[in-house]
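**Q** Structure incoming, see below.
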Amino acid sequence: MHWVNPVTGLNLTSIFITNFFGVILMIALLFSRGWIVRVKKHEGNLVLLMILSVLAGCFIEPLSFVCEGLPGTGIHYCLFFLNTILFSLDVIIGPCYAAILTSHINKKLSRIQIYVILTLIVIEMIMLVINFFNPIIFEISSDNIYERKSLFWMYIVIEAGLMAYGLFVFLLAKLRGRILRFFPAWQFLVPILLGTLIQGFTYGVSVIWPSIGIAVCSIVLCLQNENIFIDKLTGVYNRYFLDEIKKDFKSKSKGTIGSMMLDMNGFKSINDLYSHEEGDIALKSVANILKEVISSNGSIIRFAGDEFVIIIKTSSEDELLSYKNKILESFERFNNTAGKPYALSAAIGTALYDFSKGDVSDFLNNIDSLMYIDKENYYKNHDRRSASRNS
């Protein structure tokens, strides 16, 4: 069976088949619940929004190709409505990608980033509203044929800019030493770029939304892959991730990185005196403090029960010491404002690792020893059996 639009001559059979596969992909993701990210629920919700957008796009775009060129006022308004919806769906994809990538790397969106993304969304939506009365993005001709207008490319540039910003945040974090082995950046953009080029230079095909669907699948796969290496309680990396880092270290022959090993003081007392549930809350609080201080400048790993390892791309002992002091200052702020019956504190060992010298296991043992020296110094002035503020 070969179905063709009688006016435009478009191969509707081909268009429906390609979008059908996009629909199947998205339905599979929905029913497999692959979009659920247990530790980072807001990222999962953004992925879900993208899945639903692709699903809608794969239904609506073929329908617009079916209607194009057919006579009638009803068809005219239907085409205008369908294409407006397609542009509205585009407004979702770019901001979602930028928000997922930025919050994933920096742990949260800054107020400025939120304002910028929202401002661009509002600009795009205002352009679509104006387009109803004065076509500036697209119009439907008297023959019911879709035509691009002068500001079409401005709309595309905004979407491309949001995606490029997400890629910029990713590359900047990589330069700062953040280890992002599992998270998608180019994997998301390549299918969309290829789909755009194919549809732009090949008349009569419809591959944009299926291509976006493939890109969303790459996000889901990468997030689920990374999820294996995420500590479910604190949201930082787990010890398995440290094994992956060791493999990277062994393959390098030059360069220097900084590392800290942190061990909570009085953690057993918090569990014994205030319950294991409160101990979990204390662990989460420590992890949140570390994420806030380190941000995108390094990787945080929960090494053991109350021990954390932090890897930072630096060759400066002064910079390492600066991070240590910032962490200790953050503990003080927490203790002064959180209203907990206990005080958070930690012993912290710091050291630089030269890839051309020694073994990574020896390096970790070294900072472990430095951490316990710091802990012994702490307990010279504090009761080992108490985590109370007054101890």
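Residue numbers (our numbering): 16 to 406.
Every residue gets a Cβ at the ideal spot worked out from N, C-alpha and C, and that includes glycine.
Note that the structure is a prediction, hence the values are computed from the model and not measured.
Can you find the residues in the same chain that come closer than 8 Å, C-beta to C-beta, to Ile155, ignoring five residues on each side of it along the sequence?
**A** His91, Leu94, Phe95, Asn98, Tyr161, Glu162
**Q** Can you tell me which of Leu335, Ser311, Ile260, Ile285 puts its alpha carbon nearest to the alpha carbon of Lys355?
**A** Ile285
**Q** If you follow the beta strand (DSSP E) that Ser330 is in, where does it begin and where does it stop?
**A** Careful: Ser330 lies outside any beta strand (DSSP E) and carries neither H nor E.
**Q** Taking the Cβ atom as the reference point for each residue, do Ile227 and Ile327 lie within a distance shorter than 8 Å?
**A** no
**Q** Would you kindly work out how many angstroms separate the C-alpha atoms of Leu410 and Ser79, rounded to a whole number?
**A** The structure shown does not extend to residue 410, since the chain is modelled only from 16 to 406, so the question has no answer here.
**Q** Would you report the Cα separation of Arg126 and Pro110, rounded to the nearest angstrom?
**A** 15 Å
**Q** From what residue to what residue does the beta strand (DSSP E) around Asp287 run?
**A** Looking at the DSSP string, Asp287 is not in any beta strand (DSSP E); the run it does join, the alpha helix (DSSP H), is 282-289.
**Q** May I ask you to report which of helix, strand or coil DSSP gives Ile160?
**A** coil
**Q** Considering Cα atoms alone, identify which of Asn253, Lys164, Phe256 is closest to Phe153.
**A** Selection Asn253, Lys164, Phe256 evaluated against Phe153 yields Lys164 as nearest (Cα-Cα).
**Q** How do the stretch 233-248 and the stretch 341-352 stand: do at least 3 beta-carbon pairs fall below 8 Å, yes or no?
**A** Because the criterion of three Cβ pairs below 8 Å is not met, the stretch 233-248 and the stretch 341-352 do not touch.
**Q** Residues in its own chain within less than 6 Å of Ala200 by CB, not counting five upstream and five downstream?
**A** Cβ neighbours of Ala200 beyond the five flanking positions: Leu182, Phe185.
**Q** Who are the Cβ neighbours of Trp50 in its own chain at under 7 Å, not counting the five residues just before and after it?
**A** Leu44, Gly59, Val62, Leu63, Ile66, Val235
**Q** Quick one: measure Cβ to Cβ for Tyr252 and Ile315, integer angstroms, because I've assumed they're closer than 8 Å.
**A** 7 Å
**Q** Restricting to runs no shorter than 4 residues, where is the alpha helix (DSSP H) found entirely within the stretch 44-70?
**A** Counting only runs of 4 or more, we get nothing.
**Q** By Cβ distance, which residues of its chain are closer than 6 Å to Ser118, with the 5 residues on each side in sequence left out?
**A** Leu124
**Q** Do Val301 and Met275 come within 8 Å of each other at the CB atom, strictly closer than that value?
**A** no
**Q** Taking DSSP's pairing of strands, which residues face Asn146 in a bridge?
**A** DSSP output for Asn146 lists no bridge partner at all.
**Q** With distance defined between alpha-carbon atoms, name the residue in Val205, Leu177, Ile100, Gly87 nearest to Leu116.
**A** Leu177
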